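Position one of the sequence shown corresponds to residue 1 (full-length UniProt numbering), numbered consecutively onward.
Just below is one structure, and these are the notes that go with it.
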Amino acid sequence: MDGPGVFRGEPPAGGREEEPVVNRIRRTGALACAGAVVFGGLAVALGTQADAQQTPIDQLLSQPLAGGSALGKVQSRLAEVAAHNGLPTDQLRQILATDKTAWLDADSKLFFREPGLTAAQKAPEASPRWARTAVAAAAGPAFELHSKPGSNRVIYLDFDGHTITGTAWNASKGVDPVNVSAYDTDGDPANFSTAEQDVVHEVWARVAEDYASFDVDVTTQEPAQSAIDRSGASDEQYGTRVLIDPDTWYQSGCGCGGVAYVGVYDSTSQHDYYQPALVFTKGVGTGAKNLAEAASHEAGHNVGLSHDGTSTVGYYQGHGAWAPIMGVGYYRGISQWSKGEYADANNKEDDYAVVGSHGLALRADEAGDTVGDAAALTVGTPASGVIAAENDTDVYRVDVSAAGNYTATASSAPSGGNLDIKLDLLDSSGAVVASNDPASGQSDAGTPTGLGASVSGSLQPGTYYLRIDNVGYGDPLNTGYSTYGSRGAYTLGVSPS
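The structure is reproduced here in C-alpha cells:
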C-alpha cells in the first residue's frame, strides 16, 4: 500500500523588512568568521532533509517483481527491506538471487509463487473411503475436523469458498472483492459428494500430521475471523487460512500451484492484509496428496520458512522415500520438516526453530520419558500421543494379570505419517526384552511403509513398559533421513495374541 507522501514547507508569501546597513555589515562579518560552522550546519541540514525525503520502503517498487529483478531494484536499501520482512540481510539477498519463485510485492513484502504441475503430475488418486453421505454446502463431519481443539493457534483449511477483500492479493490484481468458489470435482459446487468429502478428510489428516508437533489446531471448521486475524501484540489467538482455490482469477496469470507471504503468521499489524495462503487446484490438481503437500508448504511460508533446494534446483525433490516439506513432497511417501541434512542442501535453516519463532510452540508431552514417570496403558485399550521433540521418548506402563502371548503395536499416522517408530518392550526393571524398528520405504508416492513397529512375547503376570522412540533411516546424505523430522502422532495398543 502506498504510504503517506512527503511534503516540504513553502517560504512565506511576500518580502521581509529591509535591515539597516550597519546591521547588515555586522552580520556579514559574523558570517565570515563563522563560515565553517554555518556551512557545516547547512550540510547537516541538507543531509537530514535528504534522509527525510527517501522513498519509504513500502514504495520502492511500483509492482511485484521476481527474485533477481526485485533484488536489483532494492539493492541499495536491502538491509531495510530485509528488516521489513523480518529476515537477515544476507538471507534475503540469497533468496532473491537464487530462488526464481521468490517475489517482492509493491510493498516490498516477500512472497512465493510455486510452479504448477504437469497434467500427469496433477492426476489424482482416490482417497480412502470415509464419508457416508453427500452433504449440502460445507456441513457434516468433513467440515468439523480438528487436530487440537482449544489451541490458541489455528490453520484453517478452507474448501467451501471465500470472499477475498482488502488484501495484498486484491491490491496486486486490482480486483476487490474476489469471490472464490468452493472445491469441486463433479460439477456440482453447491454440494459435497462423498468422494469430495473423502478428499477433504485426507487433506486434513495429512496436514494435521505435518503440524502435529506444534500447539496448533488444524481444522476444516471455519473459525471466527477473530481467531485467524491478529489485532496486536496482546492478541494471543490467531492463525492462517489456507484457501483451496479452484478459480482462475490469480492462477491464470502465473500458472502457479500456490502463493503465500513469508513470516506473516504472527504479524501484529496488517495481519489480515497478507492472508490467505492460496492453493490452486488448477496448478496442483484435485487429489488429496498434492493438495495436502501444497497446503502444508504454503502454511510453512506463513510461519517463516523458505524453500529447501540445492545449488542447482530451487526445490529438492527428495531421495528414496523421503522429501522435505519445503521442497517438493508430491513424489515421496515420507515428507518431513528439515534442516538441510541432505547432500548439497542450500538451506540449513532449522525449520522447527523458525516456526517456533513465528508463533507455533511445540506441544506439551503427554507421556513420561522414563519408567519412573510412565503413563498408564491398559491391555486392550489403545492410547494415542505425539512425539513433538527430537529427543522425546514416550513410555507406557502395562500391568499384565494373566500369563500368555501378547503383542504390542505402535502405528504412525495412517495418512502421511511423519513419525518413524522404534518400539521397545521393557521388563519391570527397565531392561529391554524385545525391540523392533522396521526399515521404512514406500509402496507409492502417497503411502509410506515401515513407520510403525510391533513386539510380541510370552509374558508372565507383572509390570512391563513399552517405549516409543523416534528414529531415522539410513544416511540423510544418501537415501535416508535423520531423527530431526521424524516426529508426529502415533497410536499404541497391547493385546493377547
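Beta carbons: idealized from backbone N, C-alpha and C, even for Gly.
Please read all numbers here as calculations on a predicted model, not as lab measurements.
message: Just to check my reading of the structure: residue 304 and residue 271 have Cβ atoms closer than 8 Å, yes? What is that Cβ distance to the nearest angstrom?
response: Residue 304 sits at position 304 when you count from the first residue of the sequence shown. Residue 271 sits at position 271 when you count from the first residue of the sequence shown. Not quite, the Cβ-Cβ distance comes to about 14 Å (not below 8 Å), so this is no contact.
- prompt: Under a Cβ-count criterion, where at least 16 other Cβ atoms within 10 Å of its own Cβ denotes burial, should residue 477 be classed as buried or exposed?
  reply: What you label residue 477 is simply residue 477 of the sequence shown in a count that begins at 1. Exposed, since its Cβ has fewer than 16 Cβ neighbours within 10 Å.
- prompt: Can you tell me whether residue 144 is buried or exposed, with buried defined as 16 or more other CB within 10 angstroms of its CB?
  reply: Locating residue 144 in the sequence shown gives position 144, counting from the first residue. Exposed, because fewer than 16 other Cβ atoms sit within 10 Å of the Cβ of residue 144.
field: Residue ranges of each beta strand (DSSP E) within the segment 90–123, 3 or longer
entry: 102–104, 110–115
- prompt: Can residue 454 and residue 436 be called in contact, C-beta distance under 8 Å?
  reply: Working through the sequence shown from its first residue, we reach residue 454 at position 454. Working through the sequence shown from its first residue, we reach residue 436 at position 436. It is a contact, given that the beta carbons lie within the stated cut-off.
message: Buried or exposed, going by whether 16 or more other CB atoms sit within 10 Å of the CB of residue 132?
response: Working through the sequence shown from its first residue, we reach residue 132 at position 132. Residue 132 comes out exposed.
- request: Verify whether the separation of the beta carbon atoms of residue 261 and residue 302 is less than 8 Å.
  value: By one-based count along the sequence shown, residue 261 stands at place 261. By one-based count along the sequence shown, residue 302 stands at place 302. Cβ distance < 8 Å, so residue 261 and residue 302 count as in contact.
- prompt: Is it true that the CB of residue 243 sits closer than 8 Å to the CB of residue 162?
  reply: Taking the sequence shown and counting its residues from 1, one reaches residue 162 at position 162. Taking the sequence shown and counting its residues from 1, one reaches residue 243 at position 243. Yes, they are a contact pair.
- prompt: For the segment 186–246, which segments carrying the alpha helix (DSSP H) assignment without a break, of at least 4 residues, lie completely within its bounds, in sequence order?
  reply: 194–210, 225–228
- prompt: Run through DSSP, which three-state label would residue 496 get?
  reply: In the sequence shown, residue 496 corresponds to position 496, counting from 1. Strand at residue 496.
- request: List the residues that DSSP assigns as beta-bridge partners of residue 465.
  value: As a working note, residue 465 is residue 465 in the sequence shown. In the DSSP output, where bridge partners are listed per residue, residue 465 has 397, 426.
message: Count Cβ pairs between the segment 379–390 and the segment 228–235 that sit closer than 8 Å; are there 3 or more?
response: no
query: In angstroms, rounded to a whole number, what distance separates the CA positions of residue 171 and residue 102?
result: Locating residue 171 in the sequence shown gives position 171, where the first residue counts as 1. Locating residue 102 in the sequence shown gives position 102, where the first residue counts as 1. Cα-Cα distance, rounded: 18 Å.
message: What does DSSP give as the partner residue(s) for residue 277 in the beta ladder?
response: Taking the sequence shown and counting its residues from 1, the one referred to as residue 277 is at position 277. According to DSSP, residue 277 bridges with 242.
- request: Measure how close the beta-carbons of residue 353 and residue 157 come, nearest whole angstrom, since I'm counting them as under 8 Å.
  value: Position 353 of the sequence shown, counted from the start, is the residue given in the question as residue 353. Position 157 of the sequence shown, counted from the start, is the residue given in the question as residue 157. Going by Cβ atoms, the distance from residue 353 to residue 157 rounds to 25 Å, so no, they are not a contact pair.
message: Tell me the DSSP secondary structure of residue 137 in three-state form.
response: Taking the sequence shown and counting its residues from 1, the one referred to as residue 137 is at position 137. Coil.
- prompt: Relative to the C-alpha of residue 248, which residue among 269, 240, 173, 211 is closest?
  reply: Within the sequence shown, numbered from 1, the residue matching residue 248 stands at position 248. The candidate whose alpha carbon is nearest that of residue 248 is 173.
- prompt: With a Cβ-Cβ cutoff of 8 Å, do residue 317 and residue 327 count as a contact?
  reply: Counted from its first residue, the sequence shown places residue 317 at position 317. Counted from its first residue, the sequence shown places residue 327 at position 327. Cβ distance < 8 Å, so residue 317 and residue 327 count as in contact.
- prompt: So what's residue 343 in DSSP terms, helix, strand or just coil?
  reply: Mapped onto the sequence shown, residue 343 falls at position 343. Note: residue 343 maps to coil in three-state DSSP.
message: Taking 8 Å as the threshold (C-beta atoms), are residue 340 and residue 125 in contact?
response: Within the sequence shown, residue 125 is the residue found at index 125, counting from 1. Within the sequence shown, residue 340 is the residue found at index 340, counting from 1. No.
message: Quick check: what's the CA-CA separation for residue 109 versus residue 81?
response: The residue labelled residue 109 in the question sits at position 109 within the sequence shown. The residue labelled residue 81 in the question sits at position 81 within the sequence shown. Near 8 Å, if we compare the C-alpha coordinates of residue 81 and residue 109.
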